[in-house]
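Accompanying notes for the structure given below.
In full-length UniProt numbering, the protein residues as written are 1 to 179.
Laid out in structure tokens, this is it:
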């Protein structure tokens with residue numbers, strides 16, 4: 001549990017200093033480490049499909065890292081807010097929320113117990129909004145530590161509340177996946 005908390009803190013710090021398009025896929029490499037350690041330490045058998053999955057994670061992460069765009073670091077939370085309120089991103093956000101609501105209100109009660117993809121779909125759609133919020137909070141913390149206080153902007157608190165809400169929803173549905 002302690003190492004998991006340390007890992008999540010490190011992940012949060014990574015969002016401050018690196019583009020989310022790099023941090024998120026590289027986080028998937030932890031699956032490979034877990035699979036390999038389980039094979040050697042716990043003597044679990046790593047089957048062909050597991051090996052194929054690990055190879056695909058490595059190839060996908062490599063392609064993303066090699067072709068990731070350069071990120072322009074915003075100089076304030078207001079700039080992040082301006083980016084987050086552009087029509088294209090608002091359309092994406094509305095789509096993610098709509099898909100999540102359909103999955104939560106329509107699909108989950110009917111087939112959620114028998115189809116794990118419903119809960120995973122909710123976590124994925126909400127997770128994309130979580131990443132954006134965490135990135136904004138991380139930048140706000142970094143700028144505040146650099147002497148440019150971001151706590152006075154209402155946008156910082158909107159991003160914080162959005163992150164907390166998204167994390168609670170994700171934890172709820174991840175726990176349902178585990179059951």
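The beta carbon of each residue, even a glycine, is placed where N, CA and C say it ideally should be.
Of all alpha-carbon atoms in 78, 63, 35, the one lying nearest the alpha-carbon of residue 156 is that of 78.
Per DSSP, reduced to three states, the secondary structure at residue 148 is coil, with no helix or strand assignment. In the displayed model, residue 172 falls within a helix according to three-state DSSP. Looking only at 136, 108, 110, 120, the smallest Cα-Cα distance to residue 20 is reached by 136.
With contacts defined as CB atoms closer than 7 Å, residue 25 and residue 61 qualify as a contacting pair. Between the stretch 106-122 and the stretch 38-55 there are fewer than three inter-stretch CB-CB distances shorter than 8 Å, so the stretches are not counted as touching. Per DSSP, the unbroken alpha helix (DSSP H) holding residue 31 starts and ends at 29-40.
Distance from the CA atom of residue 80 to the CA atom of residue 153, rounded to whole angstroms, is 12 Å. In the assembly as shown, residue 5 is an exposed residue. Its beta-carbon has fewer than 16 other beta-carbons within 10 Å. For residue 45, the secondary structure class from DSSP, reduced to helix, strand or coil, is coil. Rounded to whole angstroms, the gap between the alpha carbons of residue 57 and residue 174 is 21 Å. Under the three-state reduction of DSSP output, residue 109 falls in the helix class.
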